[in-house]
Amino acid sequence: MQTNPGFATLHPYPFEKLAQLLGGVTPPDDLDPIPLAIGEPRHAPPEFVLQRYRDTLLEGVSRYPSMRGGLALREACAGWLQRRFNVRIDPANALHPVTGTREALFAITQTLVDPAAQSLILMPNPFYQIYEGAALLAGATPHYLAADHSNGYLPDLDAIAPQIWHQARVFYLCNPVNPAGTVAPVDYLRRLIALAREHDVVVVADECYIELYRDQPPDSVLNAAHDDQHTNVLAFHSLSKRSNLPGLRSGFVAGDPALIELFARYRTYHGCSMSLAVQHASAAAWDDDAHVMDNRAQYNAKYVIAQETLGRLLELEVPAATFYLWPSIGEDDTTFCRDLFEQTHITAVPGQYLARTVNEHNPGFGHIRLSLVADLEHTRLAFERIAAFIQHRRR
Numbered sequence: 003m004q005t006n007p008g009f010a011t012l013h014p015y016p017f018e019k020l021a022q023l024l025g026g027v028t029p030p031d032d033l034d035p036i037p038l039a040i041g042e043p044r045h046a047p048p049e050f051v052l053q054r055y056r057d058t059l060l061e062g063v064s065r066y067p068s069m070r071g072g073l074a075l076r077e078a079c080a081g082w083l084q085r086r087f088n089v090r091i092d093p094a095n096a097l098h099p100v101t102g103t104r105e106a107l108f109a110i111t112q113t114l115v116d117p118a119a120q121s122l123i124l125m126p127n128p129f130y131q132i133y134e135g136a137a138l139l140a141g142a143t144p145h146y147l148a149a150d151h152s153n154g155y156l157p158d159l160d161a162i163a164p165q166i167w168h169q170a171r172v173f174y175l176c177n178p179v180n181p182a183g184t185v186a187p188v189d190y191l192r193r194l195i196a197l198a199r200e201h202d203v204v205v206v207a208d209e210c211y212i213e214l215y216r217d218q219p220p221d222s223v224l225n226a227a228h229d230d231q232h233t234n235v236l237a238f239h240s241l242s243k244r245s246n247l248p249g250l251r252s253g254f255v256a257g258d259p260a261l262i263e264l265f266a267r268y269r270t271y272h273g274c275s276m277s278l279a280v281q282h283a284s285a286a287a288w289d290d291d292a293h294v295m296d297n298r299a300q301y302n303a304k305y306v307i308a309q310e311t312l313g314r315l316l317e318l319e320v321p322a323a324t325f326y327l328w329p330s331i332g333e334d335d336t337t338f339c340r341d342l343f344e345q346t347h348i349t350a351v352p353g354q355y356l357a358r359t360v361n362e363h364n365p366g367f368g369h370i371r372l373s374l375v376a377d378l379e380h381t382r383l384a385f386e387r388i389a390a391f392i393q394h395r396r397r
């Protein structure tokens with residue numbers, strides 16, 4: 003059977019590898035499991051959003067929803083961009099609702115890439131694996147840009163050779179960074195946009211963690227761009243992390259109107275329109291900022307616990323944003339994670355599973371990723387178990 007040749011080049015997802023790693027391992031049955039592997043928010047979603055969803059659940063079920071989404075939703079998204087970044091986006095032609103940024107981050111590369119052009123898709127390493135899969139299934143080649151402690155976990159833009167820029171079509175940037183939690187300074191964003199425009203590369207900015215910051219609100223590529231048209235720039239936003247609504251599958255992409263128009267045409271055939279009930283609930287969430295402040299405070303409290311329990315045992319940097327920890331553990335990360343599960347019933351992701359080996363170097367090796375998604379009580383319990391595990395391991 004003939005299939006898309008890209009399927010043969012896809013890597014197993016990190017959590018598939020993790021399941022294989024832990025297969026056959028029996029954790030202590032007297033300890034409750036505490037999963038810190040998947041970045042799935044578990045704080046309570048805002049009740050007013052859920053009520054809005056309930057109230058409108060049957061609205062519009064007898065007809066197809068618009069692929070572009072209703073104007074009320076698009077205006078709510080544009081209103082949040084105005085409040086948060088002081089950016090004016092035309093909701094009519096420069097913004098498109100999506101059923102979660104995961105599908106949109108994949109679909110945009112299918113929209114932009116000519117399979118015959120032998121394009122490169124630039125992405126940081128480590129990275130969200132959707133970027134790589136999108137490149138491979140579009141007939142392009144992923145080009146991995148090291149993002150480790152030596153460069154502040156942001157690719158060195160000036161180290162990218164002119165020939166690489168010439169072949170590139172898309173530059174994926176996760177800001178704030180998954181997994182390290184670094185925030186790109188606005189000058190970095192402006193430099194990236196300038197280089198992308200010089201070489202006609204599209205900046206695809208995955209900004210789904212941008213509201214989960216510690217102190218200073220991160221900038222967006224949208225406010226870093228100098229022109230009102232946001233030429234060659236697209237920002238992707240989601241309610242999954244911001245509002246604890248991962249199951250709602252709701253987000254949007256905003257930026258260059260010409261690219262939004264192409265994307266809208268692709269999605270007409272792709273067929274991922276958003277139900278009216280989800281649109282109503284989403285608009286309510288984007289219109290409110292108070293619940294986001296409370297959500298952020300809950301994560302920040304967990305970082306205080308992390309410092310108290312793990313700070314003296316690990317090379318622990320409290321990140322500027324996200325809900326992850328990315329500590330260096332000083333040993334093989336797969337062995338560490340397997341033993342951690344076997345002895346403490348805690349799951350963590352080996353850092354090497356989130357990156358690729360380039361020139362015999364995997365920038366995730368020797369790191370683990372911990373997702374601070376459990377409630378406060380279980381977060382403290384998990385860190386206490388990890389601390390005891392490390393202390394025993396070092397005897």
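Just so you know, we're using our numbering here: the sequence shown kicks off at 3 and counts up by one.
We put the CB at the ideal spot given by N, CA and C, even for glycine.
Given this structure, state the Cα-to-Cα distance separating residue i from residue j, to the nearest angstrom.
i    : j    : result
H228 : Q84  : 15 Å
L315 : T58  : 50 Å
F50  : L24  : 39 Å
V204 : F87  : 21 Å
H272 : P117 : 18 Å
F17  : V306 : 28 Å
R395 : A266 : 54 Å
P365 : Q354 : 7 Å
L20  : V351 : 7 Å
Q309 : V320 : 8 Å
I110 : E386 : 42 Å
S222 : W328 : 23 Å
Y190 : A390 : 40 Å
A78  : P67  : 18 Å
Y55  : D290 : 15 Å
I370 : A94  : 43 Å
F338 : L60  : 49 Å
W167 : A198 : 8 Å
L383 : P30  : 15 Å
S245 : G154 : 28 Å
E317 : M69  : 47 Å
L139 : Q393 : 45 Å
In three-state terms, what does DSSP make of residue i?
i    : result
A153 : It should be pointed out that residue 153 corresponds to Asn in this sequence rather than to Ala. The answer is helix: DSSP assigns N153 an H, G or I state.
N297 : helix
H201 : coil
P225 : According to the sequence shown, residue 225 is Asn rather than Pro. Looking at N225 - three-state DSSP - the assignment turns out to be helix.
Y55  : helix
H282 : helix
F343 : helix
H168 : helix
D208 : strand
A323 : strand
N127 : strand
L312 : helix
L122 : strand
Q112 : helix
Q22  : helix
G183 : coil
From the DSSP output, read off the bridge partner residues of residue i.
i    : result
D348 : Going by the sequence as given, residue 348 is Ile instead of Asp. I36.
F254 : P99, H239
F17  : BP columns for F17 are empty, so no partner.
E317 : S330
C176 : D208
Y215 : A323
Exposed or buried, what is residue i when buried is set at 16 or more other beta-carbons lying within 10 Å of its beta-carbon?
i    : result
R397 : exposed
D335 : buried
L33  : exposed
G26  : exposed
S252 : buried
D258 : buried
H363 : exposed
V276 : The identity of residue 276 in the sequence shown is Met, whereas the question assumes Val. Buried is the call here.
S64  : exposed
G249 : exposed
G135 : buried
G398 : This structure does not reach residue 398, given that the chain is present from 3 up to 397, and the question cannot be answered.
Y301 : buried
L73  : exposed
F9   : exposed
T381 : buried
G41  : buried
L12  : exposed
Grab the span of the beta strand (DSSP E) containing residue i for me, first residue to last.
i    : result
S373 : 370-373
T381 : From DSSP, T381 is part of no beta strand (DSSP E) but of the alpha helix (DSSP H) over 378-395.
Y146 : 143-148
Which first and last residues belong to the alpha helix (DSSP H) in which residue i is found?
i    : result
H363 : Where H363 is concerned, there is no enclosing alpha helix (DSSP H), given that its DSSP letter is neither H nor E.
F265 : 259-272
Y355 : Run containing Y355: none; DSSP gives neither H nor E here.
L73  : 73-87
L60  : Unbroken run through L60: none, as it is neither H nor E.
Quick check: is the beta carbon of residue i nearer than 9 Å to any beta carbon in chain C?
i    : result
F343 : Absence of chain C from the displayed structure is noted, only one protein chain being present.
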